[in-house]
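Residue numbers (the working numbering), protein chains in the order written: chain A, 49 to 291; chain B, 466 to 882; chain C, 137 to 409; chain D, 1178 to 1400.
Here is the structure we will look at, set down as structure tokens.
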Amino acid sequence: MENSMSIILGGWLSAGLTIFLFSFLYKDNPLFKIAEHLYLGVGMGWWFIVLLYGTWIPKAYEPFMQGEYVLIIPVLLGLSLVTQFIPRISWISRYGFTFIMGYGAGLVLPLNLATDFMAQIAGTIKPFSQLASMSWGAIINSFLIAIGAVCVLAYFYFSVEHKGIVKKASNIGIYFLMIYFGASFGNTVMARFSLLYGRFDLLYDFSGASYAFATPIIIILTVGFFALKHFMDKKKNSGAAQP
Amino acid sequence: MKKTELLLVFFSFLFLWPGLSFALNGKSNIALPLIEDAIAEDMPYDSGGDILLRWPADEDDEGVVYEIYAKTESSENEWKLADSFKAFEKTADKMRMPFWAWSHGSDEYAVKIPIKSVDGDADIGTVLCFKIKAFRDGKPIAESAILCASSDDNWFNLPRLNGLLMVILITAAFFMTMSRAKKKGLFIRRIAGLDAIDEAIGRATEMGKPIYYSTGINGMSSVNTIASLSILGEVSKKVAEYDSIIKVPHYDPIVMSVAKETVKQSYIEAGRPDSYHDDANFFLSSDQFSYAASLDGMIEREKPAACFFMGYFLAESLLLTEVGASAGAIQIAATDSESQLPFFFTSCDYTLIGEELYAAGAYLSKEPMLLSVLKLQDFGKLFMMLSVLIGGIAIALAAVFHCDGFVKGLLDFFTNY
Amino acid sequence: MKDKLRRFLRIDRRWIFLLLTAVMVWPIIHPFGLSGKTSQQSVRDFYDFVEKLKPGQAVILGTDYDPSTKPELHPQAVAALRHLFSKDVRVLILTFISGAPGMIEELNQTVPAEYGKEYGKDYVIMPYNPNYMAAMTQMSIDIYKAYDKDAEGNDVRGMPVMAGIKTYKDIAGVIEITGTGMLDAWVAYAGDKYGVPIIGGTTAISQLGFGPYLQNKQIRGLVGGMRGASEYETLISKPGKATSGIDALNMAHLLVILLILSSNLILLVIKEK
Amino acid sequence: MLIIKKYIPLAIVTIVGLLTLATYYVPAKASSAYLSTLNQWEVIVSGFAFLLGLISLLMTHYKKIAKRVDGWGYSLFVFIGFFAVVIPGIISHGAQAKDGVLTSLGWAFRYLYNPLAATMFAVLAFYIVSTAFRSFRIKSVQAFVLFIAAFILILGNVPAGQMLWDAMLGWTGICGIGDIIQWIMQVPSVAAKRGIMIGITIGAAVTSLKIIFGIERQYMGRD
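See below:
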């Protein structure tokens, strides 16, 4: 019984926050502001818990207690970051920053070059080694990919003036980019509507008797709030207009 | 003297073994023919997890099935089946290795056996023994001698030599450009959206409304954020000159503390340190959508004259720009996150695409160092273009004339091992 | 007339919002039941990959999505897990996204029961790990270095589900369901580096970006967006949320096209006359 | 002092950077041991970076409340939200469910964090529709190409669009919309994506070098 109570409460909270955030679409209002500020706190609180139980306790505190004393080094490096708040000693934070930056840069460099540079060149020229066994369509497509990629790169070539052949190539490149952006736009439309559908579907679920009609009641209250506010604002304005 | 003795013992052992093992296993009769020249050795270029078995492949192997049995040298256990495959399935040329690290071809079998698959506790140095058996129609037809070897960890991953060469090449080019950076200005092509920055700031000054500048939602070690900060430096310099107001909401605390310095420095350089306010940079949230919700709220309430979105953005891009557009702001966006470009493109007044973001800092500041780095990036692109054009033609020609070695070599060079 | 059109072009956008709401809520209340008949090659590749797994093999299921991309990705994860369980494959569920544990919990509460699967024996849920680079690299050396305990703090070493698993070599593949860059990360840190087969499920928006990886077979199969999910649901004959959601999506998509066309047509008319 | 303030940090970035880079080419045990230690360390250090943000956020809103600035009441909700997650989180030791039952943290996640995050994301759908109407302008050939690609994808992504296509163009016998989408995704998109990707990768590689060799050091602040 208690359990179902908490679920009903959850449904109300959930439906309420959803509607409050959606109310921004009508206009900025106190309900949205409440939800917005709540979200700031909730978001950071969530991350805090996640880091506390996902990183600090299991990765630092527990191993340290079990005798992995070297872990004091990363903890100190981590704490050094916090000196940012004290300008006089903020230079200490450089130790933490440089560690993170060095590690990130060193890890990313060889991998990026291999996966996103060399392998992409290989992928572009590889089809040409199998021309004999490919259909005409496939041959044309591999040419298009190679030429398209080169033309797009020409568009991003900054240190020469874009005229003559470079201009032509970069113009072709723009069309490839436009097709890509268009396709990407079209595909995203799908994604976003899926999300909205997810929200509507949930609100629909919450409108049932098992959630004590959370959705319709909250919608009515919200609309009532806007109506009241509109009415009061009008009154205030008209009051001000007549000295 | 000693050597011959050893050899003798070894050979007698070699010949004795099959008989001995039969005797021990109590199994039947005839000794199987020997699979000759089989070798077990440490798998090269790895971290010591595998042992490599090699033996010659015969042309009349068709229809043969090979089975590999393994055990640790010290254990009393039975032989365990470690691998089994049909003839020609695992020849050495099928091993994923580039030509510079691997010279074995299709006339050899090459099989990698993970040491952990033989014994879960096996480690580097544990001696493992193997036996290869050949079957035809389910009947054993040949068997190898017992081959023992231990794995070792290696100090260089030779197949990745191509990647290393690339890193060295780019580092060398990098230092060369760096050392020449101080020389005269370099040409840089016009970047359309950037000319609008002045207009946007001017408009903000006229209207007496603030300018919002978002540095995106990435950390300090990524290019897009670094690029964004160098643009921020130039923008805030102009803001200081025009005596307008800039607000920079942040997603990442480290980026925020760097941006504070950047903006402050710009005000000093513009000769207006007194107009600088420390709260121009402020932290919102490290949660993507609460960042967006909060920034949306601010834009809606303050109705800024201009919004700049420069850096890395994900789904929040349109959340921000639609609100900015409905608030009537001039919007200039720049991102290298391709998935968001279409949205910036349709909802902003000016959009810098991909790498234009990186170039923008150099374009605005004309700083020699940034310009020469841009030049270096262009060289990288030139390398790619030439590789595709020349490599494509070369590989097509080679394929036509059946220079398979060249084709494989060229592809090997660009493959990631 | 022109004035009217011009005014229509500057219509308060809130009317458009209302129109969209109406268009999407309607099929939720009255579904019409149009579902996808075709399916994309990459979805079939995904399906075939799972179909070819043998009972007892182990796969990693990366579920790196949070509530924000749930409507698209959760049906994919549900369908993939159902498919894996129906093949009696062992599943290691991982995540590198802070919002995901809640999603995994939802999976945990619904799917395993349908197939009578037991926690610890048939599948295991690993705790959230914020550093994917580190974890993915470590797993090539020793999985237990990255994950020695499950999400509830139990030791995973003794679990039957982990029997014989030490590194990527003991894993038949990685299925990564995400709207983030985590799929790229798997390709770079595990797929390309250690040769683990990677297949993925992703949002419709990210789908396009994986074209090069798919072409190079760096990813062996891909399910994209709700459409991909509904196709996959059809392939495994288990219609779920994605299939029912397609109705509402139909209407909304047509609305977008209509809006783009009408506004541009109006512009054309205003300019020309 | 300059050594401690400047040169040691710079040395850290270079040494850590180069060593980490080298692990990619060195398969030996020492290299993987180094990498796995550093991986573990990095998780811890970057975890602390979060504290910077948290402290700034809470300080900002605390100041607003303390000074009673306009709208300070809303700042209270930041704290309410924060503790509404943190307290249950600590009570339930970070677990969202125990023995199949939702803990208070699980509850907070499902009914508090979840609706907020998902709704904000869903708002995008509305904005797409309004962008489609207000600013999707076919003013140039480029914009037209963009529109055509978007149009085909939007239409082809839903069954209704596929039916529409077949009904209107099916008789011509040319390829179905699915094939066209496939082609767009596998040919021009791949080409464009590759072009962008390679440019970005080189940019990132150069930046990594700048960081490793201490040339890029904005993040260190001024001396």
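The C-beta atom is built at its ideal place from N, Cα and C for all residues, glycine as well.
The structure presented is a predicted model; accordingly, all values stated were derived computationally and were not measured.
Open item on the list: So for residue 159 of chain C, helix, strand or coil by DSSP?
Closed with: helix
DSSP beta-bridge partners of residue 679 of chain B:
In DSSP, residue 679 of chain B forms a bridge with B:774.
Exercise. Taking residue 83 of chain A as the query, report the chain D residues whose CB atoms sit under 8 Å from its CB, ordered along the chain.
Key: Those are 1293, listed as they occur along chain D.
Taking a Cβ distance cut-off of 8 Å, strictly less, list which residues of the segment 1306-1321 of chain D are near chain C, in chain order.
1306, 1307, 1309, 1310, 1311, 1313, 1314, 1315
Original post:
Do you know offhand how far residue 143 of chain A's Cα is from residue 718 of chain B's?
Top reply: 16 Å
**Prompt:** Using a beta-carbon distance below 8 Å, is residue 311 of chain C in contact with chain B?
**Reply:** no
Exercise for review: Would you identify the three-state DSSP class for residue 531 of chain B, choosing helix, strand or coil?
Suggested key: strand
>> Classify residue 585 of chain B: buried if its beta carbon has 16 or more other beta carbons within 10 angstroms, exposed otherwise.
In response: exposed
In this structure, how does DSSP classify residue 554 of chain B when only helix, strand and coil are distinguished? coil
| Within the 8 Å Cβ cut-off, does residue 177 of chain C reach chain A? | Residue 177 of chain C has a beta carbon lying at 8 Å or more from every beta carbon in chain A.
Check: Hey, residue 203 of chain A and residue 218 of chain A: beta-carbon distance below 8 Å or not?
Finding: yes
Query - Any C-beta of chain C under 8 Å from that of residue 60 of chain A - result: no
Three or more beta-carbon pairs under 8 Å between the segment 574-584 of chain B and the segment 505-523 of chain B, yes or no? yes
For this session: Please classify residue 241 of chain C: is it buried, with 16 or more other beta-carbons within 10 angstroms of its beta-carbon, or exposed?
Result: buried
Query raised in the report: Within 8 Å (strictly less), CB to CB, does residue 278 of chain A reach chain B?
Result: Not one chain B Cβ lies under 8 Å of residue 278 of chain A.
*asked:* Buried or exposed for residue 332 of chain C, going by 16 or more other Cβ atoms inside 10 Å?
replied: buried
Please report the straight-line C-alpha distance between residue 627 of chain B and residue 1203 of chain D, rounded to a whole angstrom. 14 Å
Margin query: Checking 8 Å against the spacing of the C-beta atoms, do residue 232 of chain A and residue 807 of chain B come in under that value?
Written below: yes
field: Contacts around residue 488 of chain B, its chain only, beta-carbon distance under 6 Å, and the 5 residues preceding and following it disregarded
entry: The predicted model places residue 488 of chain B with a pLDDT of 44, which falls under 50 and marks its position as unreliable; any figure quoted below should be read in that light. Cβ within range, chain order: n/a, list empty.
Discussion item. Quick check for students: name the residue ranges of the alpha helix (DSSP H) that lie wholly in the segment 688-772 of chain B, counting only runs of 4 or more.
Written reply: 688-707, 718-734, 753-767
DSSP-derived helix/strand/coil call for residue 1352 of chain D:
coil
Evaluate the contact criterion for the segment 548-559 of chain B versus the segment 603-620 of chain B: three or more CB pairs, one atom per stretch, below 8 Å.
no
Look at the Cβ atom of residue 336 of chain C, then the Cβ atom of residue 355 of chain C, and state whether they are nearer than 8 Å. yes
Original post:
Would you say residue 247 of chain C and residue 195 of chain C are within 8 Å of each other, going by their C-beta atoms?
Top reply: When the beta-carbon positions are compared, residue 247 of chain C and residue 195 of chain C stay at least 8 Å from each other.
Partners in chain D for residue 751 of chain B, counting only beta-carbon separations shorter than 7 Å = 1227, 1230
Practice prompt. Could you list which residues in chain C have their beta carbon closer than 8 Å to that of residue 881 of chain B, in chain order?
Written response: 328
If we cut at 8 Å on Cβ distances, does residue 731 of chain B have a partner in chain C? no
| query | If we ignore side chains and look at the alpha-carbon of each, how far apart do residue 1256 of chain D and residue 760 of chain B end up? | reply | Those two C-alpha atoms are separated by around 18 Å.
So with CB distances below 8 Å, who are the chain D contacts of residue 820 of chain B? 1373, 1376, 1377, 1380
Spell out whether any CB of chain B is found under 8 Å from the CB atom of residue 216 of chain A.
no
Using a Cβ-Cβ cutoff of 9 Å, what residues of the segment 205-222 of chain C are near chain D? List them in chain order. 205, 206, 207
State yes or no: is the C-beta of residue 201 of chain A within less than 8 Å of the C-beta of residue 631 of chain B? no
Three or more C-beta pairs closer than 8 Å, one from the segment 1295-1307 of chain D and one from the segment 207-225 of chain A: is that the case here?
no
- Query: Is the number of C-beta pairs between the segment 234-251 of chain A and the segment 377-389 of chain C that are closer than 8 Å three or more?
  - Reply: yes
Spatial distance of residue 699 of chain B from residue 823 of chain B (CA atoms) | Our two residues, residue 699 of chain B and residue 823 of chain B, have alpha carbons roughly 14 Å apart in a direct line.
Point to revise | Contact set for residue 707 of chain B: own chain, Cβ-Cβ below 6 Å, skip 5 residues either direction | key: 666, 670
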